[in-house]
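Written below as structure tokens is the structure these notes are about.
Residue numbers (the numbering used here): 192 to 389.
This is how it looks when you write it as structure tokens:
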């Protein structure tokens, strides 16, 4: 099941890039862009495995692959963290995108939000997204969603925009359905988002 989720997530971000770059640009970017290693102090701005482990008991970091990068492209700056267990039972990605202005950031936010729903609808009959904005509201725009397999939660998706910055979190294989617990995980990162320097 998680493999299906991961395929869908990859396709989702492809959709977001497709509109801006065209198919040729998308293929080029996907094949060549890897970013540069993030700095140690960048960890305080995104949700990392260590942050998650403080809220979910029994998680062990050994056996997983972590990727943490900075990237600049077409006037946008991105800090991106990704962690996946090798057995594919847990996947976490968290990022901050800094666009040139609030309008561009709104486009990024809307593209991610729409792209996620569209790709889940077309790529998977097992996993759906359920709006759960009661979990957390923050910034100028925000959207919280539960990733569902039938009636059972399998993960979270959260997007928030504040000015020209967009925060994104996707978690699969673990989930939060309690607003207080979810806020404890995410809100400290949102409060620091405006301080990150690309």
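Note that the Cβ used here is the ideal one computed from N, Cα and C, for glycine as well.
Per DSSP, which residues does residue i bridge with? Please list them.
i	result
residue 269	262, 288
residue 344	339
residue 293	Paired residue(s): none; residue 293 is not in a bridge.
residue 255	276
residue 229	Looking at the DSSP assignment, residue 229 forms no beta bridge with any residue, so it has no partner.
residue 353	356
residue 334	350
residue 362	283, 347
residue 322	336
For residue i, does the count of other Cβ atoms within 10 angstroms reach 16, so buried, or fall short, so exposed?
i	result
residue 333	buried
residue 324	exposed
residue 381	buried
residue 222	Since pLDDT at residue 222 reaches only 38, below the 50 mark, its modelled position is unreliable, and the value read off the structure follows with that caveat. That one is exposed.
residue 233	buried
residue 361	buried
residue 386	exposed
residue 276	buried
residue 372	exposed
residue 265	exposed
residue 227	exposed
residue 290	buried
Report yes if the CB atom of residue i is closer than 8 Å to the CB atom of residue j, and no otherwise.
i	j	result
residue 263	residue 271	no
residue 337	residue 318	no
residue 283	residue 238	yes
residue 260	residue 296	no
residue 242	residue 350	no
residue 367	residue 326	yes
residue 365	residue 247	yes
residue 235	residue 383	yes
residue 280	residue 267	no
residue 240	residue 255	yes
residue 355	residue 292	yes
residue 331	residue 353	yes
Using 8 Å for Cβ pairs, my map puts residue i next to residue j. What's the rounded Cβ distance?
i	j	result
residue 359	residue 303	6 Å
residue 348	residue 320	6 Å
residue 269	residue 285	With 8 Å as the limit, residue 269 and residue 285 do not qualify as a contact, their Cβ atoms being about 11 Å apart.
Should residue i be counted as a contact of the ligand GDP given a C-beta to heavy atom distance under 7 Å?
i	result
residue 378	This structure simply doesn't include the ligand GDP, nor any ligand for that matter.
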